[in-house]
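Residue 17 is where the sequence shown starts when you use the numbering used here, and the numbers rise one by one after that. Even for Gly, the Cβ is constructed at its ideal location relative to N, Cα and C.
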Amino acid sequence: VAPLGAVGRMALTNYLTHTVVFTTLANGYGAGLYGRVSLTAGLVMTLAMFAIQIALSVVWLKRFHFGPLEWLWRSLTYGKLQPMRRRAG
Numbered sequence: 017v018a019p020l021g022a023v024g025r026m027a028l029t030n031y032l033t034h035t036v037v038f039t040t041l042a043n044g045y046g047a048g049l050y051g052r053v054s055l056t057a058g059l060v061m062t063l064a065m066f067a068i069q070i071a072l073s074v075v076w077l078k079r080f081h082f083g084p085l086e087w088l089w090r091s092l093t094y095g096k097l098q099p100m101r102r103r104a105g
């Protein structure tokens with residue numbers, strides 16, 4: 017369950033990454049796969065993408081406090097750059 021917490025802490029980054037990847041795969045300006053991929057293949061692609069996002073979120077949050085878009089959002093909200101990198105130790 018803990019790895020899913022990492023995905024949740026980076027929800028904005030993961031949501032937008034997933035959206036960009038799959039719209040690029042589906043639409044004509046990308047791979048144009050819309051309507052050419054079976055439901056099963058689409059589900060497998062989605063689950064694979066989610067598994068990759070889980071792994072990358074866990075690794076990212078070992079080094080940084082926030083996801084990149086969460087950091088940007090937080091910095092804009094507070095009006096100053098927020099510390100991003102975790103201290104070694």
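{"Item": "Range of the contiguous alpha helix (DSSP H) that encloses residue 25", "Value": "18–25"}
{"Item": "Where the alpha helix (DSSP H) containing residue 60 begins and where it ends", "Value": "55–79"}
{"Item": "Touching by the beta-carbon criterion (3+ pairs, under 8 Å), the segment 23–30 and the segment 71–85", "Value": "yes"}
{"Item": "Contact under 9 Å by Cβ, residue 42 with residue 50", "Value": "yes"}
{"Item": "Residue from 38, 101, 97 and 103 whose Cα sits closest to the Cα of residue 66", "Value": "38"}
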